[in-house]
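A.B. asks: Going letter by letter, the sequence shown gives residues 40 to 410 in our numbering. Built from N, CA and C at the ideal position, the CB exists for glycine as well.
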Amino acid sequence: MPLYTYLGGLRLWSQYVIFSDRHLTTAIIELQKMVDVESVAVFSCEMGEEIENPNPDLVGTLDEDDLVTDAGAEAERIVASMLRDTLGRRYNSDDTKNARNHSFTDAARSASVNLEDEDRTTVELLERVRDGSDIESVGESLSQLYLNEARSVSDLLIYTQFSEYDETFAAILKTPYLEGAHEIDLDHEDTEAVFTENERVIQEETDKSVVYPKYDKYEEHIDEDSAQLYQEGGAQHYAKYWYGFLNLKAAPHPDELVESAIKQRASENETSAAYPTYQDFTDGGPITLDDADGTEVDVDQGDVSVRIAGKSIRVSISELRESNNVQLARDGDQFYLLLSDLQPELTVGSGNGKRSLVDDLSNVPDIRDLF
């Protein structure tokens with residue numbers, strides 16, 4: 040179904056419920072979720088041992104005039120769906136490892152890239168995508184930077200200028216690479232043959248993404264010194280090349296910092312453990328790690344996994360060291376992990392389906408009767 044038909048239906052539905060006070064907030068939120076795709080450029084970036092000097096191949100571009108056709112509407116629908124997916128990620132939470140805020144390095148505003156016989160910085164190239172200035176040439180330059188980055192892999196990169204919350208943004212979306220995409224030579228009359236057969240070229244699946252600039256929708260604040268990155272694999276597969284080609288700084292998750300710090304400390308000891316005894320751990324000073332700039336980073340907020348009674352429970356280092364609510368204790372050969380709270384919850388389900396298991400906890404056994 041063409042995107043304009045879908046959006047039209049959404050607008051009519053929203054206009055209908057807006058007359059009901061009960062649905063007013065819902066209608067406003069739904070309208071705010073609308074993403075307006077304004078231009079699209081797709082490049083195939085193929086890597087391989089047999090390719091000595093890889094270059095990006097243009098799959099196709101769509102401007103505002105192309106997006107009103109049936110084929111263009113299908114492409115817009117796919118891209119808008121991927122954008123909604125990446126925009127819905129939690130970029131400001133330590134609970135999330137696959138979506139992070141990255142700030143630019145100094146090189147992003149100083150190192151130059153040749154574009155049509157003019158030198159441009161990485162940030163300037165992203166700004167060109169953002170304002171819709173020759174997205175094809177800019178996309179080719181950024182794709183070449185991607186291919187030049189160490190450990191980059193064959194990818195299909197989608198560049199798009201879009202608007203949301205009355206602001207304009209640039210995005211780079213990565214879909215699973217499909218064999219043969221680089222062989223397609225897309226011109227205007229071939230648009231329908233390629234973009235309507237999206238299973239052949241563009242899969243509606245976001246492997247990785249970049250949104251520039253970073254936007255705080257609650258504070259309504261634009262941060263042009265940062266971008267928001269998503270990588271499906273999370274911490275285990277958070278690839279350096281995905282932020283490196285844009286000259287973005289690393290943004291390690293606290294758990295990754297803990298792992299590095301503990302490995303660093305363990306390598307300095309005779310055993311494979313970071314601390315000889317539990318008391319050495321609890322009495323020790325803050326666990327720190329030197330970052331890329333040589334600055335000491337406190338990683339005590341990172342989590343460790345406590346495996347006990349066949350269960351793995353994650354707690355922060357600071358909780359294990361300092362909190363009265365989390366205690367590791369022993370009675371002879373038996374070990375206990377004691378978690379205390381004034382109002383524990385026993386629930387099943389989540390969201391609107393969340394339900395309490397019991398209503399009254401007053402007759403829970405006294406701990407003195409158990410030990």
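1) Quick one: residues in its chain with C-beta nearer than 6 Å to the C-beta of Ser351, no 5 flanking neighbours on either side, listed in chain order?
2) How would you write the range of the beta strand (DSSP E) that Arg353 sits in, first residue to last?
3) Can you find at least 3 beta carbon pairs, one from the region 265-281 and one from the region 126-140, that sit closer than 8 Å?
4) With DSSP as the reference, label Thr321 as helix, strand or coil.
5) Note down the Cα distance separating Ala189 from Cys84, rounded to an integer number of angstroms.
6) Output needed for Asp262: all residues of its chain with C-beta closer than 7 Å, excluding positions within five of it in sequence on either side, in chain order.
7) Suppose the cutoff is 8 Å on Cβ atoms and the five residues either side in sequence are ignored; what does the same chain contact list for His276 look like?
8) If we count the other Cβ atoms within 10 Å of its Cβ and call it buried at 16 or more, is Ile326 buried or exposed?
9) From the DSSP output, in three-state form, read off His292 for me.
10) With Gly178 and Tyr198 assumed to form a contact (beta carbons below 8 Å), what rounded beta-carbon distance in angstroms separates them?
11) So the candidates are Tyr257, Ser202, Ser395, Gly171; which of them puts its Cα closest to the Cα of Leu122?
12) Quick check: what's the CA-CA separation for Tyr45 versus Glu113?
13) For Arg185, tell me which candidate among Tyr280, Tyr314, Gln242, Glu358 has the shortest Cα-Cα distance.
14) Tell me the residue span of the beta strand (DSSP E) that contains Ser344.
15) Give me the residue from Pro95, Leu385, Thr207, Gln366 with the minimum Cα distance to Ser191.
16) Using the Cα positions of Asp405 and Ser355, report the straight-line distance between them to the nearest angstrom.
17) Going by DSSP, what residue range makes up the beta strand (DSSP E) through Asn140?
18) Can you tell me which of the three DSSP states Thr161 falls into?
19) State the Cα-Cα distance for the pair Arg116 and Asp170, rounded to the nearest angstrom.
20) What residue does the beta strand (DSSP E) around Ala266 start on, and which one ends it?
21) In the DSSP output, what is Ser202 paired with across the bridge?
22) Pop quiz: Ile211 and Leu196 are said to be a contact at Cβ under 8 Å. What is the actual Cβ separation, rounded to whole angstroms?
23) Starting from Arg123, trace the alpha helix (DSSP H) both ways and give me its first and last residue.
24) Tell me the residue span of the beta strand (DSSP E) that contains Val338.
25) May I have the straight-line CA-CA distance separating Asp399 from Thr386, to the nearest angstrom?
26) CA-CA distance, Arg129 and Lys136?
27) How close, in whole Å, do the beta carbons of Asn363 and Leu378 come, if the pair is a contact with beta carbons under 8 Å?
28) For Val387, which beta-bridge partners are listed by DSSP?
29) Taking only the alpha-carbon atoms, compute the straight-line gap between Asp408 and Glu358 and give it to the nearest angstrom.
30) Please state whether DSSP places Ala368 in a helix, a strand or coil.
31) DSSP beta-bridge partners for Thr214?
C.D. replies: Here's the rundown:
1) Ser344
2) 350-355
3) yes
4) helix
5) 14 Å
6) Pro252, Lys253
7) Gln270
8) buried
9) coil
10) 4 Å
11) Ser202
12) At Tyr45 the pLDDT is 26, less than 50, meaning the model places this residue with poor confidence; the figure from the coordinates comes in the next sentence. Distance between the alpha carbons of Tyr45 and Glu113: 11 Å.
13) The displayed chain sequence assigns Tyr, not Arg, to residue 185. With distances taken between Cα atoms, Tyr185 lies closest to Tyr280.
14) 342-347
15) Pro95
16) 27 Å
17) 138-142
18) helix
19) 21 Å
20) 265-270
21) Asp75, Thr207
22) 6 Å
23) 109-126
24) First-last for Val338: undefined, no H or E at that position.
25) 13 Å
26) 9 Å
27) In fact, because the Cβ distance is near 11 Å, the residues do not count as touching under 8 Å.
28) Arg394
29) 26 Å
30) strand
31) Leu195
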